[in-house]
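Report on the following structure.
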Amino acid sequence: MYAITNHFQYRTKTSRKISLHVICLDPKCRWTVRAVRLPGVQMFQIRRFCPEHTCSIDYRQGKHRQATATVIAKLIAHKYLDASNKPYPPKQIREDMSMQYGISMSYKKSWKAQKKAMQLQFGSDLESYQVLPSMAYVLEMANPGSMFDLVTGKDDAFCTFFMSFRAWIEAWPHCRPVLILDGSFLKAYYKGTLLTACCQDANDHIVP
Numbered sequence: 001m002y003a004i005t006n007h008f009q010y011r012t013k014t015s016r017k018i019s020l021h022v023i024c025l026d027p028k029c030r031w032t033v034r035a036v037r038l039p040g041v042q043m044f045q046i047r048r049f050c051p052e053h054t055c056s057i058d059y060r061q062g063k064h065r066q067a068t069a070t071v072i073a074k075l076i077a078h079k080y081l082d083a084s085n086k087p088y089p090p091k092q093i094r095e096d097m098s099m100q101y102g103i104s105m106s107y108k109k110s111w112k113a114q115k116k117a118m119q120l121q122f123g124s125d126l127e128s129y130q131v132l133p134s135m136a137y138v139l140e141m142a143n144p145g146s147m148f149d150l151v152t153g154k155d156d157a158f159c160t161f162f163m164s165f166r167a168w169i170e171a172w173p174h175c176r177p178v179l180i181l182d183g184s185f186l187k188a189y190y191k192g193t194l195l196t197a198c199c200q201d202a203n204d205h206i207v208p
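Per full-length UniProt numbering, residue 1 is the first one in the sequence shown, and the count goes up by one each step.
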């Protein structure tokens, strides 16, 4: 992260259990860091640091060896905190990395960074499915008279999940005898379809 924000690249010259020596990617540059491990603890102490950069601009722009998808994901994770904001697509990630840090990256890397950033904020798709049973239980306890049904298959693999709140159930007999079914395809890692059933009451309000 330090190398990206300060527009330079580095490589490890020597790496041992008790010492670490890192230098700039440009062999003519004076920047260097030496650190040794402190006895009895899992920490290193910097013994020598030369902060001056004399490297060519060719080493400061373009492809960056430290700018992995994981590192970039940490830089942009805050972009996904507010769900009301417009999506932050891979194309925009590439443009911002080039403008702010002079980093040239492929669309594939920016796509991976986007997925990793979203996972940092919201967890993985697998983790989301794993919380369905506890979510259904909490919803049922907080909403008496509602219906929540989780169907699993072999090895407790997810099959279907149905939910209908008590307010929807009680409003159903007062709706017009026309049912509207709408489906939305799930385009994440686990494919599927999200189905909703809606109708209108006497006041032309959509239920649910």
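No residue lacks a Cβ here, since even glycine has one placed at the ideal position from N, Cα and C.
Subject >> Closest by C-alpha distance to Ala-113, when choosing among Ile-180, Thr-14 and Asp-96 >> reply: Numbered from 1 along the sequence shown, position 113 holds the residue referred to as residue 113. It is Asp-96 whose Cα lies nearest to the Cα of Ala-113.
Subject >> Per-residue burial, Met-147 [other beta carbons within 10 Å of its own, 16 or more giving buried] >> reply: Looking up residue 147 in the sequence shown gives position 147. With fewer than 16 other Cβ atoms within 10 Å, it is exposed.
Original post:
Taking the runs of the beta strand (DSSP E) that are 3 residues or longer, which of them lie wholly in the stretch 28–75?
Top reply: DSSP runs (the beta strand (DSSP E)) wholly in the stretch 28–75: 32–37 and 44–50.
Subject >> Simplified DSSP state of Ile-18, which is helix, strand or coil >> reply: Taking the first residue of the sequence shown as position 1, residue 18 is located at position 18. Correct three-state label for Ile-18: coil.
Original post:
So is Val-33 buried or exposed if we call it buried at 16+ other beta carbons inside 10 Å?
Top reply: Working through the sequence shown from its first residue, we reach residue 33 at position 33. Counting C-beta atoms within 10 angstroms of its own C-beta, Val-33 has 16 or more neighbours from the protein chains shown and is therefore classed as buried.
**OP:** Could you tell me the boundaries of the alpha helix (DSSP H) in which Met-135 lies?
**Re:** Sequence index remark: in the sequence shown, residue 135 carries index 135 (1-based). Its alpha helix (DSSP H) spans residues 132–142.
**OP:** Take Met-105 as the anchor and find which of Arg-94, Gln-200 and Pro-177 has the nearest alpha-carbon.
**Re:** For the purposes of this step, residue 105 is identified with residue 105 of the sequence shown, where counting begins at 1. Closest option to Met-105, Cα to Cα, is Arg-94.
Original post:
Rounded C-beta distance between Arg-176 and Cys-198? I'm assuming under 8 Å.
Top reply: For the purposes of this step, residue 176 is taken as the residue at position 176 of the sequence shown. For the purposes of this step, residue 198 is taken as the residue at position 198 of the sequence shown. Wrong, their Cβ atoms sit about 11 Å apart, outside the cutoff.
**OP:** Output the boundary residues of the beta strand (DSSP E) element that contains Ala-197.
**Re:** The residue you call residue 197 lines up with position 197 of the sequence shown. Ala-197 -> beta strand (DSSP E) spans 192–200.
**OP:** Closer than 7 Å by C-beta to Ser-164: which residues in its own chain qualify, once you throw out the five before and the five after it? Chain order, please.
**Re:** Taking the sequence shown and counting its residues from 1, the one referred to as residue 164 is at position 164. Shown here for Ser-164: same chain residues with a beta carbon closer than 7 Å to its own, the five before and five after excluded, namely Ser-146 and Met-147 in chain order.
Original post:
Does DSSP put Lys-109 in a helix, a strand or coil?
Top reply: Against the sequence shown, residue 109 aligns to sequence position 109. Looking at Lys-109 - three-state DSSP - the assignment turns out to be helix.
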